[in-house]
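Remarks on the structure that follows.
Residue numbers (UniProt numbering): 1 to 262.
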């Protein structure tokens with residue numbers, strides 16, 4: 001007998017959804033848009049399950065979100081979820097770009113109407129822009145050509161004004177050298193760089209794993225769910241291991257003050 005969506009939703013609990021959200025948060029060093037969409041999807045699901053009047057408390061106690069933060073994440077899911085899940089968009093350059101955008105970039109793109117966003121992303125390499133650059137580009141898009149010309153002229157005049165009084169530097173002030181702490185091990189920098197490399201590999205592979213689960217959900221939901229549970233178990237074990245690592249060495253040996261044999 002088939003199950004409708006309400007049956008599937010009722011099989012999941014707010015606690016289970018909260019665990020999934022917290023896991024995504026822990027695994028995301030930098031909040032990517034695709035991760036924000038996944039969190040927003042789960043928040044939308046949880047809101048239907050949490051009893052009326054308990055939503056704000058649940059957010060605070062279960063996932064450490066304010067009401068406004070949760071609302072933004074759910075809006076992110078509404079705005080971008082259909083594009084990331086659409087089978088027609090798998091080969092789209094814009095959908096590929098969405099996977100590389102950060103959460104803040106996704107919020108800024110709210111300023112572009114949904115029906116114009118695809119063309120805007122095609123005309124601008126948004127995935128290569130900084131948050132400030134994207135914010136400025138979206139802001140300029142809203143202005144008329146006359147306003148853009150006026151702003152451009154004003155910026156040129158401002159640059160000219162600030163360029164005039166630059167003094168000639170006659171003395172270079174060198175910063176005082178900072179001596180490294182004597183306790184720093186000579187291999188510390190090398191191991192720290194290795195950690196950063198492995199961390200970035202984990203984050204990148206995690207994003208690809210999520211994309212694979214989304215694609216598999218469209219073709220074989222049974223395999224998707226089996227793989228999701230396996231991935232969740234692996235990630236949960238990793239998170240548990242990292243709570244204290246390396247583990248403390250425990251021993252049953254008792255060391256006595258007087259070691260002189262009788």
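Backbone N, C-alpha and C fix where the C-beta goes; we use that ideal spot for every residue, glycine too.
Next on the checklist: Going by C-alpha to C-alpha distance, which of 247, 240, 185 sits closest to residue 22?
Outcome noted: On the chain shown, residue 22 is found 22 positions in, with the first residue counted as 1. Closest by alpha carbon: 240.
Item to check | Under 8 Å between C-beta atoms of residue 77 and residue 33 | outcome: Working through the chain shown from its first residue, we reach residue 77 at position 77. Working through the chain shown from its first residue, we reach residue 33 at position 33. Going by C-beta atoms, residue 77 is not nearer than 8 Å to residue 33.
Item to check | Spatially closest choice to residue 59 from 43, 48, 72, by CA coordinates | outcome: Within the chain shown, the letter at position 59 stands for residue 59. Measuring from the Cα of residue 59, the nearest candidate turns out to be 43.
Checklist entry - Do residue 108 and residue 134 come within 8 Å of each other at the CB atom, strictly closer than that value? => result Taking the first residue of the chain shown as position 1, residue 134 is located at position 134. Taking the first residue of the chain shown as position 1, residue 108 is located at position 108. Yes; because the gap between Cβ atoms is below 8 Å, this pair is in contact.
Item to check | For residue 208 and residue 232, the rounded distance between their alpha carbons | outcome: What you label residue 232 is simply residue 232 of the chain shown in a count that begins at 1. What you label residue 208 is simply residue 208 of the chain shown in a count that begins at 1. Near 15 Å, if we compare the C-alpha coordinates of residue 208 and residue 232.
Next on the checklist: Between which residues of its own chain and residue 160 is the CB-CB distance below 6 Å, once the five residues before and five after are set aside?
Outcome noted: Locating residue 160 in the chain shown gives position 160, counting from the first residue. Note on residue 160: pLDDT 47, under 50, position unreliable in the model; no value is reported.
Next on the checklist: Please list the terminal residues of the continuous alpha helix (DSSP H) segment that includes residue 123.
Outcome noted: For the purposes of this step, residue 123 is taken as residue 123 along the chain shown, with counting starting at 1. Looking at the DSSP string, the run of the alpha helix (DSSP H) that includes residue 123 is 114–123.
Item to check | According to DSSP, residues forming a beta bridge with residue 32 | outcome: Numbered from 1 along the chain shown, position 32 holds the residue referred to as residue 32. DSSP output for residue 32 lists 102 as bridge partner(s).
Item to check | Span of the alpha helix (DSSP H) around residue 52 | outcome: Walking along the chain shown from the start, residue 52 turns up at place 52. First-last for residue 52: undefined, no H or E at that position.
Checklist entry - If you draw a straight line from the alpha carbon of residue 210 to that of residue 246, how long is it in whole angstroms? => result On the chain shown, position 210 is the one that residue 210 refers to. On the chain shown, position 246 is the one that residue 246 refers to. Rounded to the nearest angstrom, the two C-alpha atoms are 28 Å apart.
Checklist entry - If you run the structure through DSSP and keep just helix, strand and coil, what is residue 26? => result Counted from its first residue, the chain shown places residue 26 at position 26. Residue state, collapsed to three classes: helix.
Checklist entry - Can you give the Cα-Cα distance for residue 206 and residue 189, rounded to whole angstroms? => result Mapped onto the chain shown, residue 206 falls at position 206. Mapped onto the chain shown, residue 189 falls at position 189. Each residue's Cα considered, the two are about 26 Å apart.
Checklist entry - Three-state secondary structure (DSSP) at residue 248? => result The residue you call residue 248 lines up with position 248 of the chain shown. If DSSP states are grouped into helix, strand and coil, residue 248 belongs with coil.
Checklist entry - What's the call for residue 40, buried or exposed, on a 16-neighbour Cβ count within 10 Å? => result Translated into positions along the chain shown, residue 40 becomes position 40. That one is buried.
Checklist entry - So, helix, strand or coil for residue 221, using DSSP? => result Along the chain shown, read from residue 1 onward, the residue named residue 221 stands at position 221. Helix, per DSSP.
Item to check | Top-ranked residue by Cα proximity to residue 101, from 37, 71, 65, 69 | outcome: Within the chain shown, the letter at position 101 stands for residue 101. It is 37.
Item to check | Sub-8 Å separation of residue 105 and residue 131 beta-carbons | outcome: In the chain shown, counting from the first residue as 1, residue 105 sits at position 105. In the chain shown, counting from the first residue as 1, residue 131 sits at position 131. Contact: yes.
Next on the checklist: Quick check on residue 191: does DSSP put it in helix, strand or coil?
Outcome noted: The residue you call residue 191 lines up with position 191 of the chain shown. Reduced to three states, the DSSP call for residue 191 is helix.
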